[in-house]
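Inspection log for the structure reproduced underneath, given as structure tokens.
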Amino acid sequence: MKLYFDVRDIFRSPRLALSGKKIWLFLKANLFGFAIYWIFSYGALLLGGTNFSNAVNTFGLYPCIYCAENAPLISYIIYWIGVAVWILSIFFACTAVSRITYKQLKGDDFYSVADARKFVKNHRYPIILSWVTILLIAVFFGLGAVVFALIGKIPFVGEIIFALFYILYFFGSVFTVYTLIVFITSLIYSPAIVATLEEDTMGTVFQSYSVTWSQPWRLVLYHLILLPIMIIGVTVFKWFWFAGYNLINIIFGADWLMSTKLHNIVGWATDLVNPQFNFCITSHCGTVIPQTLLSLQDGAALSNTEYIAGTIVAIILFILLMSILSYGLSILSVGETIIFAIFKKKSNDENLLLRSDEDDISDAESDQNIDDDSEKEKEDSTG
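Count along the sequence shown from 1, then add 199; that gives the number in the numbering used here.
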């Protein structure tokens, strides 16, 4: 695929992101991450003394420890472990989607989900340890500042030492601020760096510092373009999803067809997936999705089969809701991969699409081995 290596390439993100493979990878990551988050969140609520049945009636699918009263510290720790697992799942999915995008840009449209998952498994440590390393660098400088500040408290000698080393403190402080900015860059670009350059942890750290130093304005300006594109793409994608939802309700909900039965099933399922967040908001209620949806009428009684059908529909609606989030993440992942390719071209005049990756090298070695075996067979036959 031809790239212009400028801002025009970013506008391809929604189209390239609209791929079953890419959305499926994010969907699996979100479903797995949400399941862990849900389990850990309810575990945190139970440790905080909240009754499980009351918690389910209050929070439903979307538990949050910050909406509970007087929760102990251990509850918050468990809650954030669940959040961290969800975030890590998204990071791994970002790397897999970036790898598929990179292969697609190179012309390989047959790079599979299994190939991407294998790549992520083999490169899982740099994806996480790169930004952890950068954060530790900032923490190291912060602790160093504390140590030198304690030295500065020494009577008579301390103030002299502070004055003599002030210039070092100053530049160390500037570097710490810069490192914190690089940390944000690493969070955004580590998946793309690993997916395209196949870097190890230190290589990913170096690339994060390099991008932040050489392309600061493009980092800002390109995201001012990518984020609105993502919002527009998700809005259009969501409109089609809701249009299909409403069309089913119009046709199947006709008085001479399913009528009340559909309203009971879909209304109950929709209320389960799209609850009112009145447990966290006192002035007004928030919702997950717009209020143009069916809702179970007050006093409506469902039969056992309607409850079973409603549960199945609720699962489907939740997956569809997660697919909207997954498409948005797919746009961002594809966009960041394209932007990183632009950065490398602008800063080092390096075309990543012409670079031989580990798969190309492996294929070349396999072809060479086949050729060698063929030559050996010919020599044996002639001999």
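Glycine residues also receive a C-beta, built at the ideal position from the N, C-alpha and C atoms.
Would the beta-carbon of residue i fall within 7 Å of that of residue j?
i	j	result
residue 234	residue 277	no
residue 533	residue 215	yes
residue 226	residue 522	yes
residue 395	residue 551	yes
residue 241	residue 281	no
residue 330	residue 372	no
residue 213	residue 447	no
residue 502	residue 470	no
residue 325	residue 411	no
residue 220	residue 299	yes
residue 246	residue 273	yes
residue 546	residue 413	yes
residue 438	residue 519	no
residue 539	residue 391	yes
residue 375	residue 340	yes
residue 267	residue 249	yes
residue 210	residue 541	no
Between which two residues does the alpha helix (DSSP H) harbouring residue i extend?
i	result
residue 456	Element bounds for residue 456: n/a, residue is neither H nor E.
residue 428	415-451
residue 268	Counting along the chain, residue 268 falls outside any alpha helix (DSSP H), and DSSP gives it neither H nor E.
residue 506	503-547
residue 365	365-396
residue 212	212-216
residue 297	272-304
residue 324	323-351
residue 206	Looking at the DSSP string, residue 206 is not in any alpha helix (DSSP H), and its letter there is neither H nor E.
residue 243	219-246
residue 249	Note, residue 249: premise wrong, no alpha helix (DSSP H); not H, not E.
Given 6 Å as the limit, tell me if residue i has its C-beta closer than that to any heavy atom belonging to the ligand MG.
i	result
residue 442	Judged by which ligands are present, the structure shown has none, so any question about the ligand MG falls away.
Just confirm the distance between the C-beta atoms of residue i and residue j, as a whole number of angstroms; I'd bet it's less than 8 Å.
i	j	result
residue 537	residue 208	5 Å
residue 442	residue 512	Actually they are not in contact, since the Cβ atoms of residue 442 and residue 512 sit about 17 Å apart, beyond 8 Å.
residue 275	residue 264	6 Å
residue 222	residue 526	6 Å
residue 358	residue 556	So it is not a contact: roughly 56 Å between Cβ atoms.
residue 378	residue 333	6 Å
residue 224	residue 315	7 Å
residue 289	residue 528	7 Å
residue 535	residue 543	Actually they do not touch by this definition, with Cβ atoms about 13 Å apart.
residue 262	residue 254	7 Å
residue 284	residue 232	6 Å
residue 368	residue 347	7 Å
residue 424	residue 206	6 Å
Using a Cβ-Cβ distance under 7 Å, would residue i count as near chain C?
i	result
residue 398	The chain inventory of the structure shown lacks chain C, comprising one protein chain alone.
Decide yes or no for the touch test of the segment 317-331 against the segment 292-303: beta carbon pairs closer than 8 Å, at least 3 of them.
-> By the criterion of at least three beta-carbon pairs nearer than 8 Å, the segment 317-331 is in contact with the segment 292-303.
Please confirm if the segment 345-365 is in contact with the segment 432-444, defined as three or more CB-CB distances below 8 Å between the two stretches.
-> Taking one beta carbon from each stretch, the segment 345-365 and the segment 432-444 have fewer than 3 pairs nearer than 8 Å; the two do not touch.
So, do the segment 378-397 and the segment 407-414 have three or more beta carbon pairs nearer to each other than 8 Å?
-> The segment 378-397 is in contact with the segment 407-414.
Stretch pair the segment 503-512 + the segment 450-470: three plus CB contacts closer than 8 Å | Because the criterion of three Cβ pairs below 8 Å is met, the segment 503-512 and the segment 450-470 touch.
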